[in-house]
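Engineer:
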Amino acid sequence: MTELEAGAPTGLQRTRPLSPHLQIYKPTLTMVMSIVHRITGAALYFGMLLLAWWLTAAATGPNAYANVEWFMGSLIGQLVLFGYTWALLHHMLGGIRHLIWDTIHGLEPAEREMLTLATLIGSITLTLILWVVGYLVMGGPR
Amino acid sequence: MSPIQPMTTPMRRVRGLGAARSGTRHFWYQRITSVSGIPLTIGLLLIITALLGRSHAAVVQILGSPIVAITVLLFIVNTAYHMWIGMQEIILDYVHEEKWKLLSLMANTFFVFVVSLASIYALLKLSFGV
C-alpha cells in the first residue's frame, strides 16, 4: 500500500494536496481582461444607481435636476462618469469578444491575444472620443 | 452510494439543479441580453450625449418623447435582467456559506427591482406628464 493511495485507513489526519489556484499562474492579458470584465460588470451594476438618480431627478423637477447636474459637473462626478463611460464601453466590447468566442472563432493564440488587445485599445479610444465629442457638444450653441 | 435511494431520476436531478437551483437558462438569457444590449447601449450613449448641458425643461421634453423614452426603457429592462444574472453569477462564485448566499441573492433581486422600477417610473412620468 502506497502512501498516496486514497482512503487508506491510517487513522491519521493527512494534509491533502489542493488544486492550484489563480495566484500560481503568471498573469496573461486574456486572464486579466477576463477579471476586468467581471469587475467592470460589477461596477456598472452599482453605476445603474446614477442612471436611476438622473432619471428620477429629471422627473421630480428643476431643483432635483440641478443637484444631479452639480454632482455630475464636480471633479468627483466627472471622474466617476469618465470611469463609468470606460467601464460601459469596455464591458460592451469585452462582451462582443465573448460572443465571438461563443461561436468557436478567434480562439487561436494569436487571434485571442489580438481580440483582447483590440478590446482594451478600443474601449480607451472610444471613451476619449466620446468625451471630446461631449465637451464639444457642451461648448456648442445651446 | 448512500443507503437512502433518491426518489428522483438522474435526469430529473440534472435538470433544474445548480448552485441557484436553476439550469442553463441563465447562461442563454445572459447571451440574449448581451446581444440586445449592444444597440441599446449605443442608443443610450447617443441620447445622453445629445442631452449634455441642456436645461431641465429641454431634458424633460426630449426624455419624454416616444423614441427616446422607448430606447431608454428597453435599455433599463434589458440591463436589469442582464445585471441580475451577472451579479447572481458573481455571488454564487464567491459566497459559499448558505445563509449569506441566500441573503445576497435576495439583496441582488431587491436592488435590481428598486433601481429599474425607479427608472421606469421616472421615464413614464416624463412621458405622460402628470
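Chains as they are written, first to last, in my numbering: chain F, -12 to 129; chain V, 63 to 192. Cβ atoms here follow ideal geometry from the backbone N, Cα and C, with glycine treated the same way. Please read all numbers here as calculations on a predicted model, not as lab measurements.
Within the same chain, show all residues whose beta-carbon is closer than 8 Å to that of V:I182, passing over the 5 residues directly before and after it, in chain order.
Structural biologist: The sequence position of residue 182 of chain V within the second sequence is 120, counting from 1. Here the set comprises L135, I138, V139.
Engineer: Return the first residue and the last residue of the alpha helix (DSSP H) that V:Q92 is part of.
Structural biologist: Here residue 92 of chain V refers to the residue found at position 30 when the second sequence is read from its first residue. That run of the alpha helix (DSSP H) goes 87 to 113.
Engineer: Please classify V:E159: is it buried, with 16 or more other beta-carbons within 10 angstroms of its beta-carbon, or exposed?
Structural biologist: Indexing the second sequence from 1 puts residue 159 of chain V at position 97. By the 10 Å Cβ count, V:E159 comes out exposed.
Engineer: Can you name, in chain order, every residue of its own chain whose Cβ lies under 8 Å from the Cβ of F:L117, other than the five neighbours on each side?
Structural biologist: To locate residue 117 of chain F, count along the first sequence from 1; it is residue 130. Same-chain partners within the cutoff: T72, L76.
Engineer: Flag this pair as yes or no: are the beta carbons of F:T17 and F:T103 separated by less than 8 Å?
Structural biologist: The residue you call residue 17 of chain F lines up with position 30 of the first sequence. The residue you call residue 103 of chain F lines up with position 116 of the first sequence. Yes, they are a contact pair.
Engineer: Mind checking F:Q10: buried by the 16 CB within 10 Å criterion, or exposed?
Structural biologist: As a first step, residue 10 of chain F must be located in the first sequence, where it is residue number 23. When all chains shown are included, F:Q10 counts as exposed.
Engineer: Could you tell me whether any Cβ in chain C is nearer than 8 Å to the Cβ of F:T43?
Structural biologist: The structure shown contains no chain C; the protein chains it does contain are F and V.
Engineer: Would you call F:A45 buried or exposed, if buried means 16 or more other Cβ atoms sit within 10 Å of its Cβ?
Structural biologist: Taking the first residue of the first sequence as 1, we reach residue 45 of chain F at position 58. Buried, since its Cβ has 16 or more Cβ neighbours within 10 Å.
Engineer: From the DSSP output, in three-state form, read off F:L5 for me.
Structural biologist: Residue numbering aside, residue 5 of chain F sits at position 18 when the first sequence is read from its first letter. Three-state DSSP puts F:L5 in coil, outside helix and strand.
Engineer: Mapping the DSSP letters down to three states, classify V:I132 as helix, strand or coil.
Structural biologist: Here residue 132 of chain V is taken as the residue at index 70 of the second sequence, counted from 1. Of the three classes helix, strand and coil, the one that applies to V:I132 here is helix, per DSSP.
Engineer: Flag F:R84 as yes if its beta-carbon sits less than 8 Å from any beta-carbon of chain V, otherwise no.
Structural biologist: Along the first sequence, one-based indexing puts residue 84 of chain F at 97. False, the Cβ-Cβ gap to chain V never drops below 8 Å.
Engineer: Can you give me, in chain order, the residues of the segment 89 to 100 of chain V that have a beta carbon less than 8 Å from any beta carbon in chain F?
Structural biologist: Answer in chain order: R93, S96, V97, G99, I100.
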